[in-house]
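Only one structure is covered here, and it is reproduced in the block below.
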Amino acid sequence: MLERDHAKCKVTGVSELGLVEMTRKRTRESLEHILCEPCSQCQGRGSIKTPVTVCYEIFREILRQHRAYDTETYLVLASAGVVEYLTDDASDHVAELEAFINKTIRFQVEAMYSPEQFDVVLR
Ligand SMILES: [Zn+2]
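For the sequence shown, my numbering gives the first residue as 5, with consecutive numbering after it.
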């Protein structure tokens, strides 16, 4: 038992106090396990990518699809924040990309998507 939980428990000594501390830590961890689930936004990392980063990932994905498939329009599905960024602050970059690949890029807000989640669909 001790060996198996080695990574999770910080045993400071063999004193009774140490054992109490260890038990308390384990109880807290299992309660956390029961009461919590991984954060759907950051997958437990504690931070998420900014719309700027996601925006460049979307551009890279469009360029990748541009080389791989022949289509007239791309539909980008993303969270509200990312779509807002793409159609406002990044609209010049979108226009440049459209001119470069000679294709139209449309955007659609997917309310269920996390800020990091997106899909590029051929239309
Ligand atoms: Zn989180």
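Note that beta-carbon positions come from the ideal geometry of N, C-alpha and C, so glycine has one too.
What span of residues does the beta strand (DSSP E) with residue i cover, start to end?
i: Thr108; result: 108-113
i: Asp123; result: 122-126
Check for me: the alpha helix (DSSP H) holding residue i runs from which residue to which?
i: Thr57; result: 55-72
i: Asp96; result: 95-105
Apply the 10 Å Cβ neighbour rule to residue i and answer buried if 16 or more other Cβ atoms are within range, or exposed otherwise.
i: Ile38; result: exposed
i: Cys40; result: exposed
i: Ala94; result: buried
i: Val56; result: exposed
i: Cys43; result: exposed
i: Leu35; result: exposed
Secondary structure at residue i, three-state DSSP: helix, strand or coil?
i: Ala84; result: helix
i: Tyr117; result: coil
i: Thr77; result: strand
i: Ile38; result: helix
Near ligand 1, which residues have their beta-carbon less than 5 Å from any of its heavy atoms, given in chain order?
Cys43, Gln45, Cys46
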